[in-house]
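Following our numbering, the numbering of the sequence shown begins with 1095 at its first residue and continues without gaps. Backbone N, C-alpha and C fix where the C-beta goes; we use that ideal spot for every residue, glycine too.
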Amino acid sequence: MSVGIGATFWAATGEPMAVPVAVGAGVLTDTDHLLDYYLWYIKKDPRRLYLLLHAWEYCAAAAIFALVAGNHPVLLAAAVANAGHLLGDYIAHKPKSPLTYSLLYRAAVRFERVWLVEGSPPPLTVALDRNIPLWSHGAARLPSRLLQYLGLDH
1095 MSVGIGATFW AATGEPMAVP VAVGAGVLTD TDHLLDYYLW YIKKDPRRLY
1145 LLLHAWEYCA AAAIFALVAG NHPVLLAAAV ANAGHLLGDY IAHKPKSPLT
1195 YSLLYRAAVR FERVWLVEGS PPPLTVALDR NIPLWSHGAA RLPSRLLQYL
1245 GLDH
């Protein structure tokens, strides 16, 4: 989706940097899962859900900056790509509240999972498959000690 958003902004404005920025804003958002995965699977503490980069507030801030900068196409592409990512996550994960993807709301409920999503975290292999492209193909190439540490050595 992010590539399409970036390409659309490039085609509409002639700004080729819209593509990599949109991809970065739409894809790198998921790097925040690493903190949650560390807490859930390494520390064995599934009580919290941080998702520090998943926030409508960032979309709004980027859109405001873009407008102040004279409808800057790269900032607009970043805002729309990030919003597309959040909308896709909202549709796919069906959180408890429409505010779940608000950083301010998550902070207000102390990042407690019980207020944000249903159920327990998925098994680590499922979580990695959802968020790391081609994980299932690359996992076999990881050192066995790492897989053992992560509890993935079947």
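Euclidean distance between Cα positions of residue i and residue j
| i | j | result |
| --- | --- | --- |
| K1190 | L1133 | 21 angstroms |
| A1186 | L1161 | 30 angstroms |
| S1238 | G1213 | 30 angstroms |
| R1200 | R1141 | 13 angstroms |
| D1130 | L1193 | 19 angstroms |
| P1217 | V1208 | 18 angstroms |
| T1107 | V1121 | 22 angstroms |
| P1110 | A1101 | 8 angstroms |
| V1244 | G1232 | The sequence shown places Leu at residue 1244, not Val. Looking at the two C-alpha atoms, the distance is approximately 15 angstroms. |
| K1188 | A1202 | 20 angstroms |
| E1206 | Y1144 | 8 angstroms |
| L1128 | W1229 | 14 angstroms |
Whole-number beta carbon distance between residue j and residue i, since they are thought to touch under 8 angstroms
| i | j | result |
| --- | --- | --- |
| N1257 | D1139 | For residue 1257 there is no data in the structure shown, the boundaries of the chain being 1095 and 1248. |
| A1116 | A1175 | 4 angstroms |
| A1171 | F1103 | 4 angstroms |
| E1151 | L1210 | With a Cβ gap of about 16 angstroms, E1151 and L1210 do not count as contacting. |
Spatial neighbours of residue i in its chain, beta-carbon cut-off 7 angstroms, leaving aside the 5 residues before and after
| i | result |
| --- | --- |
| H1148 | T1123, D1126, L1180, D1183, Y1195 |
| T1219 | L1246 |
| Q1242 | none |
Cβ of residue i within 7 angstroms of any chain B Cβ
| i | result |
| --- | --- |
| N1165 | Checking the listed chains, one finds no chain B in this structure; it contains a single protein chain. |
Classification of residue i by the beta-carbon crowding that lies within 10 angstroms, buried from 16 upward
| i | result |
| --- | --- |
| I1136 | exposed |
| V1168 | buried |
| A1112 | buried |
| A1119 | buried |
| S1096 | buried |
| L1236 | exposed |
Chain-order list of residues whose beta-carbon lies under 6 angstroms from that of residue i (same chain, five-residue window excluded)
| i | result |
| --- | --- |
| C1153 | A1173, N1176, A1177 |
Identified DSSP bridge partners for residue i
| i | result |
| --- | --- |
| R1142 | E1206 |
Own chain partners of residue i with C-beta closer than 8 angstroms, once the 5 adjacent residues on each side are dropped
| i | result |
| --- | --- |
| P1114 | G1100 |
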